[in-house]
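Trainee: Be aware that the sequence shown starts at 101, since it is given in our numbering, and climbs by one per residue.
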Amino acid sequence: MLQDMFESKGTFSFEVFPPKKEGEFEKAFDVLNELSKLAPDFISVTYGAGGSRSGKTLELADYIQNTLGIDTIAHMTCVGSKKEDLLAVSEQLNANNVNYVLALRGDRPADMSDGQYAARDFLHANDMIAFLRENTQLHMAGACYPEKHFESFSMESDLNNLIKKQDAGAEFFISQMFFDNDYYYSFLDKADRKGISIPICAGIMPITSAKQLGTTITLSGSSIPKALTDLIAAYGDNKEDMRKAGIDYAIRQIRDLQENGVNNIHLYTMNKTKTAREIMEGVYR
Ligand code: FAD
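Here it is in structure tokens:
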């Protein structure tokens with residue numbers, strides 16, 4: 101059980117995504133073969149918000165669980181799904197012996213009307229967690245946001261909502277990426293005072309190019325500390341130097357977390373196996 105590892109030895113895990121283009125999707129299996137050599141405690145696989153590409157998530161999750169023999173967490177979003185859609189996906193996961201789901205609301209797809217959005221079956225992730233708990237054998241994780249979710253007007257209200265996921269049956273959380281550990285420590289402290297008692301995995305995203313940083317801020321809303329913008333200023337023009345500096349930043353971030361008692365690390369690999377390997381080697385050198 102993953103839960104036992106969180107509490108005892110701690111975990112080092114990876115996130116991968118199913119590439120969109122058919123030709124590229126096949127390469128995801130090579131990515132997984134390479135990542136498996138690093139012996140992660142689990143690998144999570146992302147999911148399209150509307151659920152339209154759920155088959156790709158399921159295919160990769162099946163491969164990780166049953167061919168590579170590594171515990172898998174299949175992400176699942178509910179924003180564009182009906183109850184029966186979630187049950188169909190759950191049944192397939194069950195048939196493939198994939199027992200863990202990261203239960204997410206997801207972001208509203210661009211082509212979803214106001215009416216469709218308002219009438220969705222599951223308003224929030226906690227509704228989905230309660231439903232899956234009631235109707236399936238799956239174990240659920242939820243997402244959390246060390247700098248608050250962008251729709252929340254305060255950290256306080258976001259934490260009041262976060263605890264609803266724990267109450268609904270989430271067994272652990274995986275955090276949004278962050279680049280300044282102080283935000284994470286402050287979040288852990290506030291979450292603890294709110295009564296969050298389930299394990300939290302710290303989400304770390306290595307920034308290996310200047311371009312990636314722009315996309316990352318837009319998608320995650322995470323703050324960028326001066327130490328990281330300084331790296332971009334110093335190395336942004338040189339591809340290989342920037343890659344090395346970004347990897348070094350992630351290693352230092354993870355070491356600092358571990359020195360401060362954070363033992364569950366989830367690496368957003370972006371399917372880059374060399375980067376993941378260099379980070380693991382750097383952390384456990
Ligand atoms: P929720 O928990 O529903 O929260 C969304 C907002 O609503 C928050 O502001 C929260 O405070 C508020 N809220 C929550 N519950 C309630 C309630 N009961 N009443 C009132 N307000 C409430 N997206 C994908 O499409 N695919 C992925 O694979 C994916 N993987 C992710 C992995 C991680 C680790 C993280 C952190 C995010 C991931 N996302 C993914 C992005 C995620 O879908 C978005 O951040 C989305 O906007 C919120 O999803 P959620 O499950 O956190 O939503």
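We put the CB at the ideal spot given by N, CA and C, even for glycine.
1. To the nearest angstrom, how far is the alpha carbon of asparagine 363 from that of phenylalanine 117?
2. Are the region 134-151 and the region 368-376 touching, with three or more C-beta to C-beta distances below 8 Å?
3. From the DSSP output, read off the bridge partner residues of glycine 218.
4. Output the distance between the C-alpha atoms of glycine 361 and alanine 241, rounded to the nearest integer angstrom.
5. Go to tyrosine 384, then tell me how far its alpha helix (DSSP H) extends in each direction, as first and last residue.
6. From the DSSP secondary-structure annotation, give me the bridge partner or partners of phenylalanine 231.
7. Would you call the CB atoms of isoleucine 300 and phenylalanine 272 closer than 8 Å?
8. Could you confirm whether any beta carbon from chain C is found closer than 8 Å to the beta carbon of glutamate 107?
9. Is it right to say serine 275 is buried, meaning 16 or more other beta carbons lie within 10 angstroms of its own, or is it exposed?
10. Leaving out five residues before and five after aspartate 221 in sequence, what residues of the same chain have Cβ atoms less than 6 Å from its Cβ?
11. First and last residue of the beta strand (DSSP E) that includes aspartate 141?
12. Comparing C-alpha positions only, which one of Ser154, Ser323, Asn260 and Arg293 sits nearest to tyrosine 283?
13. Counting C-beta neighbours from all protein chains within 10 Å, is the total for glutamate 378 16 or more, i.e. buried, or is it exposed?
14. Does the Cβ of aspartate 221 lie closer than 7 Å to at least one heavy atom of the ligand FAD?
15. Enumerate in chain order the residues of its own chain whose CB-to-CB distance from methionine 212 is below 7 Å, with the five nearest sequence positions on each side excluded.
Mentor: Well, looking at it:
1. Taking the straight line joining both Cα atoms gives about 24 Å.
2. Result yes; three or more Cβ-Cβ pairs closer than 8 Å.
3. Per the sequence shown, residue 218 should be read as alanine rather than glycine. Paired residues: none, contrary to the question.
4. Rounded to the nearest angstrom, the two C-alpha atoms are 21 Å apart.
5. Per DSSP, tyrosine 384 lies in no alpha helix (DSSP H) and is assigned neither H nor E.
6. Phenylalanine 231 is not bridged to any residue.
7. Yes; because the gap between Cβ atoms is below 8 Å, this pair is in contact.
8. Given the protein chain composition of this structure (a single chain), no chain C is represented.
9. Buried, because 16 or more other Cβ atoms sit within 10 Å of the Cβ of serine 275.
10. Contacts found: Lys182 and Lys183.
11. Neither: aspartate 141 is in no beta strand (DSSP E) and is coded neither H nor E.
12. Of the candidates Ser154, Ser323, Asn260 and Arg293, the one whose C-alpha sits nearest the C-alpha of tyrosine 283 is Ser323.
13. Burial call: buried.
14. Checking the Cβ of aspartate 221 against the ligand FAD gives no.
15. Within its own chain, the residues whose Cβ lies closer than 7 Å to the Cβ of methionine 212, once the five positions on either side in sequence are excluded, are Gly180, listed in chain order.
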